[in-house]
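K.L.:
For the numbering used here, add 267 to where a residue sits in the sequence shown, where the first one is 1.
Cβ coordinates follow ideal geometry from the N, Cα and C atoms, glycine included.
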Amino acid sequence: MKNTLLLVSLVFLSFNIQAQYKDWTKAKIYLKDGSTLKGNARLTMLESKVRSAVFGSKGENSFNLSSKEYLRYINFEIKQRKSTKFSPEEVEKIVFDLDYKLKGRRLKRQAVYIPIIKSINKKKTKFGFAELVIDGEVKLVKRTVSNTNYGSVFKESLLIRDNDMAIIFNYAELKSFKKRASEYFSDCPSLVSKVESKKYTRKDLEGLVNHYNDNCAK
Numbered sequence: 268m269k270n271t272l273l274l275v276s277l278v279f280l281s282f283n284i285q286a287q288y289k290d291w292t293k294a295k296i297y298l299k300d301g302s303t304l305k306g307n308a309r310l311t312m313l314e315s316k317v318r319s320a321v322f323g324s325k326g327e328n329s330f331n332l333s334s335k336e337y338l339r340y341i342n343f344e345i346k347q348r349k350s351t352k353f354s355p356e357e358v359e360k361i362v363f364d365l366d367y368k369l370k371g372r373r374l375k376r377q378a379v380y381i382p383i384i385k386s387i388n389k390k391k392t393k394f395g396f397a398e399l400v401i402d403g404e405v406k407l408v409k410r411t412v413s414n415t416n417y418g419s420v421f422k423e424s425l426l427i428r429d430n431d432m433a434i435i436f437n438y439a440e441l442k443s444f445k446k447r448a449s450e451y452f453s454d455c456p457s458l459v460s461k462v463e464s465k466k467y468t469r470k471d472l473e474g475l476v477n478h479y480n481d482n483c484a485k
C-alpha cells in the first residue's frame, strides 16, 4: 500500500508531458559538428523499471532504463520522407517550439533539451536527453520516464555539475534529501545551512540551484 501511494504521488499528468516524445514538434537542432537543422523532431520515450529505479534496489541513483535514447529529425517542408536519427553524443542542444492548450488557453513556449550523462562505468558511458530548467555551474534538468508495468508517467528532476553524471534528486524513496543535498553542495556553507534548517527541501530545487549559482559558483 505504501509503495502504491508513493508511485501515485510521482505520477505526472501534465498537458504536454509527452509532446516531445510521441508527436513531431517544430524544433531547431544544434549539432556538435557546428551545423544547425530546422524542421520537426521528437525524442524517444524512456521506459523505466520503476521498482529498481525508484525504490533503489540497485542503487540510489539507478536509471535502469530499457530503451536507448535518441533524437529523430525530419523536415516536412521539403517533403522529406525518412527521418534521421541522432544519438545524444552528436547533439549540442534541441530547442522545441511547444504550442498547447491549458485550461482553454493556448500557450506557447520553448523547451531546451541537452544531452546528459546517465551513468558511467568501466565498460561504457550512457547518455540521454533532459530539459534544461536552470543553466549555470550547477544545472537543473527534468526528464520524462514512462513505466509500462504501471501505466504511469514520471517526471525526474536531476542536478548536474562539472559536466558529470546527472543525479536524481526528486524521488522521496532515495536517501535522505537533507543528507544528499548537504553532501552535494558541501562547498557552499550558506546553502548547506539552509538545507539543514529545511528552508530548502526536495520541492525547492529551483531555489536551491539558483542560490548555489548566485552565491557559490566559481
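#1: Are the segment 406–414 and the segment 443–463 touching, with three or more C-beta to C-beta distances below 8 Å?
#2: Determine contact between the segment 422–440 and the segment 462–480, defined as no fewer than three beta-carbon pairs at a distance below 8 Å.
#3: On the DSSP bridge list, what partners appear for Q377?
#4: So, using beta-carbon positions, are I361 and I296 closer together than 7 Å?
#5: Going by the DSSP bridge assignment, what does K469 pair with across the sheet?
#6: Would F363 and T303 be called neighbours here (beta carbons separated by less than 7 Å)?
#7: Straight-line CA distance for V462 to N477?
#8: Just to confirm my understanding: we take R339, look at its own chain, exclude 5 residues before and 5 after, and list those with CB closer than 6 Å. What are they?
#9: Tell me the rounded alpha-carbon separation between Y380 and F444.
#10: Just verifying my parser: in three-state terms, what is the DSSP assignment at K295?
#11: To the nearest whole angstrom, what separates the beta carbons of E357 and K299, a pair I think is in contact under 8 Å?
#12: Using the three-state DSSP reduction, which class does F444 fall into: helix, strand or coil?
#13: What separation, rounded to the nearest whole angstrom, lies between the Cα atoms of R318 and N388?
#14: If you follow the alpha helix (DSSP H) that S419 is part of, which residue opens it and which one closes it?
#15: What's the gap between the Cα of N430 and the Cα of P382?
#16: Along the chain, where does the beta strand (DSSP E) containing E463 start, and where does it finish?
#17: Comparing alpha-carbon positions, which option in I435, K375, T311 and E359 lies nearest E336?
#18: What does DSSP give as the partner residues of Y340 in its beta bridges?
#19: Can you tell me which of the three DSSP states S302 falls into?
#20: Looking only at its chain, what residues have a beta carbon closer than 7 Å to the beta carbon of K390, apart from the 5 residues adjacent to it on each side?
#21: Would the beta-carbon of N480 fall within 7 Å of that of G371?
#22: Answer with buried or exposed for R447, where buried requires no fewer than 16 other C-beta atoms within 10 angstroms of its C-beta.
#23: Look at the Cβ atom of I341, then the Cβ atom of N307, and state whether they are nearer than 7 Å.
P.N.:
On the basis of the coordinates in this document:
#1: no
#2: yes
#3: D364
#4: yes
#5: Rather than Lys, the amino acid found at residue 469 in this sequence is Arg. DSSP output for R469 lists no bridge partner at all.
#6: no
#7: 13 Å
#8: R309, S350 and K352
#9: 26 Å
#10: strand
#11: 6 Å
#12: helix
#13: Low local confidence applies: a pLDDT of 37 at R318 is under 50, so the model's placement there is unreliable, and no value is given.
#14: Segment S419 to R428 is the beta strand (DSSP E) holding S419; no alpha helix (DSSP H) there.
#15: 10 Å
#16: Here E463 belongs to no beta strand (DSSP E); instead the alpha helix (DSSP H) covers P456 to E463.
#17: T311
#18: A308 and T351
#19: coil
#20: none
#21: no
#22: buried
#23: yes
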